[in-house]
Amino acid sequence: MKPTDFSHHRPSTVDGAAALLAELPDAKVLGGGQSLLPIMNMRLASPEHLVDLTAIRDLRACTEADDQVRYGATTTHMMLEEQLVPDCTNGLLPHAASGIGYRAIRNRGTLAGSLAHADSSAEWPTVMSALDAAVHTRSVRGTRRIPVRDLLQGFFTTTLEDDEFITSVEVARLTPETRWGLYKMARKPGEFAESLAVALLRPKGLELWLGAARDVPIRLTNTETIAESADLPDLLEAVGTDTGSDGHQRQLHAVSVQRALRAAQHQEVTRV
Ligand SMILES: Cc1cc2nc3c(=O)[nH]c(=O)nc-3n(C[C@H](O)[C@H](O)[C@H](O)COP(=O)(O)OP(=O)(O)OC[C@H]3O[C@@H](n4cnc5c(N)ncnc54)[C@H](O)[C@@H]3O)c2cc1C
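Position 117 of the sequence shown, counted from 1, bears residue number 117 in the UniProt record's numbering, the numbering being contiguous throughout.
Below is the structure:
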């Protein structure tokens, strides 16, 4: 199928994009188009106007500080995968990016677009929740900083206003001692996760996050307390408590958590 008619706007400044989104009725932001355009092709969405962010140079900029990196909104999965932008996570971001869809999707799909799309089985919502990242946004009313954990409200639902867009994603640097593991359970390469676990072994302790289990990524607080010494039956029970899942789903999630944790435990500590 093909989308219904729409007007394509391609502003070259952040101010211009904010003004268009405030003025135009029924407008949607266009990032990489790798989720929105298929949805429009299927006529599940028919916006009258698309405000394309990809000509705005400021949104491709990446800025580094001692304690964090800010990735411009149109930073693509491929740019993270290939480390065309700095990695501040001891390799977690490039690894997560490399597992997203196929190369053609990674070439165009954006970090901010994935967060705004808010699919809990996608990589970035879970990874960015685990890293306690934040988005910076813009509208004609001004700017906001929203922690990703607050941004994500449910399936395809965020706290963004209709005329507000993400300008950058702020990620705090992981300490050199922090080890991570990510395990994506999918039927075949290129598909969305059926279970997506992220384990962070920080100096202060273990943090476990899980995607594809509920409408938003969840932190496995019960599982964290026993996971490092638990065998699979104990993990099954704790993961069941944290996720509310049972049967096959619970088994999938427990195994992906176990594999993410093992990957973190066996990762060599980065020396800088
Ligand atoms: C076949 C296929 C396989 C895929 N596999 C995976 C996978 O395994 N893992 C995974 O994580 N993803 C997967 N994806 C999704 C892909 O990663 C998309 O790139 C991503 O979900 C959306 O990013 P985008 O830049 O393309 O956003 P778009 O498609 O342009 O937009 C998506 C939504 O976000 C909004 N939006 C975009 N940018 C902004 C912004 N800066 N501010 C506010 N709102 C914005 C749009 O209005 C729209 O509502 C797959 C997609 C396809 C088609």
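Beta carbons are placed, not taken as given, at the ideal position from N, Cα and C, and that holds for glycine.
Cβ-Cβ distance between residue 121 and residue 149 below 8 angstroms: Counting from 1 along the sequence shown, the entry for residue 121 is found at position 121. Counting from 1 along the sequence shown, the entry for residue 149 is found at position 149. Judged by their CB atoms, residue 121 and residue 149 are not nearer to each other than the 8 angstroms cut-off.
Bridge partners - residue 136, DSSP secondary structure assignment: Numbered from 1 along the sequence shown, position 136 holds the residue referred to as residue 136. Paired residues: 145 and 168.
Own chain, CB closer than 7 angstroms to residue 81, minus 5 neighbours either side, in chain order: Translated into the one-based positions of the sequence shown, residue 81 becomes position 81. Once the five neighbours on either side are set aside, the close Cβ partners of residue 81 are 94, 97, 98 and 106.
DSSP-derived helix/strand/coil call for residue 288: Given a span of 1 to 272 for the chain in the structure shown, any question on residue 288 remains unanswerable.
Burial state of residue 102 (16 or more Cβ within 10 Å): One-based indexing of the sequence shown puts residue 102 at position 102. Classification for residue 102: exposed.
Own chain partners of residue 134 with C-beta closer than 7 angstroms, once the 5 adjacent residues on each side are dropped: In the sequence shown, counting from the first residue as 1, residue 134 sits at position 134. These residues qualify, in order along the chain: 145, 146, 147, 148 and 170.
Environment of residue 243 [buried if 16+ CB atoms lie within 10 Å]: By 1-based counting over the sequence shown, the position of residue 243 is 243. Residue 243 is classed as buried because its beta carbon has at least 16 other beta carbons within 10 Å across all chains shown.
Contact test: residue 29 Cβ vs ligand 1 heavy atom, cutoff 7 angstroms: For the purposes of this step, residue 29 is taken as residue 29 along the sequence shown, with counting starting at 1. It does: the Cβ of residue 29 is within 7 angstroms (strictly closer) of some heavy atom of ligand 1.
Nearest-angstrom Cβ-Cβ length linking residue 158 and residue 203, presumed shorter than 8 angstroms: Along the sequence shown, one-based indexing puts residue 158 at 158. Along the sequence shown, one-based indexing puts residue 203 at 203. In fact, because the Cβ distance is near 32 angstroms, the residues do not count as touching under 8 angstroms.
Limits of the alpha helix (DSSP H) - the one that residue 40 falls within: Within the sequence shown, residue 40 is the residue found at index 40, counting from 1. Where residue 40 is concerned, the enclosing alpha helix (DSSP H) stretches over 36-41.
Inter-residue Cα distance where the pair is residue 108 and residue 227: Counting from one through the sequence shown, the residue named residue 108 turns up at place 108. Counting from one through the sequence shown, the residue named residue 227 turns up at place 227. If you draw a straight line from the Cα of residue 108 to the Cα of residue 227, it is about 37 angstroms long.
Distance CB(residue 198)-CB(residue 260) smaller than 8 angstroms: Start at 1 with the first residue of the sequence shown, and residue 198 comes out as number 198. Start at 1 with the first residue of the sequence shown, and residue 260 comes out as number 260. Cβ atoms of residue 198 and residue 260: closer than 8 angstroms.
Alpha helix (DSSP H) runs contained entirely in the stretch 189-269, provided each spans 4 or more residues: Within the stretch 189-269, the runs of alpha helix (DSSP H) at least 4 residues long that lie entirely inside it are, in chain order, 221-226, 232-243 and 247-266.
Limits of the beta strand (DSSP E) - the one that residue 52 falls within: Against the sequence shown, residue 52 aligns to sequence position 52. Here the beta strand (DSSP E) through residue 52 covers 49-52.
Outcome for residue 262 when other beta-carbon atoms lying within 10 angstroms are tallied against a minimum of 16: To locate residue 262, count along the sequence shown from 1; it is residue 262. Around the Cβ of residue 262, a 10 Å sphere holds fewer than 16 other Cβ atoms; the residue is exposed.
DSSP beta-bridge partners of residue 181: Taking the sequence shown and counting its residues from 1, the one referred to as residue 181 is at position 181. In DSSP, residue 181 forms a bridge with 199.
Collapsed DSSP secondary structure at residue 85 in the structure displayed: Counting from one through the sequence shown, the residue named residue 85 turns up at place 85. In this structure, residue 85 counts as coil in the three-state DSSP scheme.
Span of the alpha helix (DSSP H) around residue 123: Counted from its first residue, the sequence shown places residue 123 at position 123. For residue 123, the enclosing alpha helix (DSSP H) stretches over residues 123-130.
Cβ separation of residue 212 and residue 236, assumed to be a contact under 8 angstroms, to the nearest whole Å: Counting from 1 along the sequence shown, the entry for residue 212 is found at position 212. Counting from 1 along the sequence shown, the entry for residue 236 is found at position 236. Distance from residue 212 to residue 236 at the Cβ level is roughly 17 angstroms; contact not present, criterion being Cβ atoms closer than 8 angstroms.
Residue 108 CB to nearest heavy atom of ligand 1 below 7 angstroms: Numbered from its first residue, the sequence shown carries residue 108 at position 108. Under cutoff, so the answer is yes.
Cβ pair count under 8 angstroms reaching 3, the stretch 43-52 against the stretch 62-71: No, the stretch 43-52 is not in contact with the stretch 62-71.
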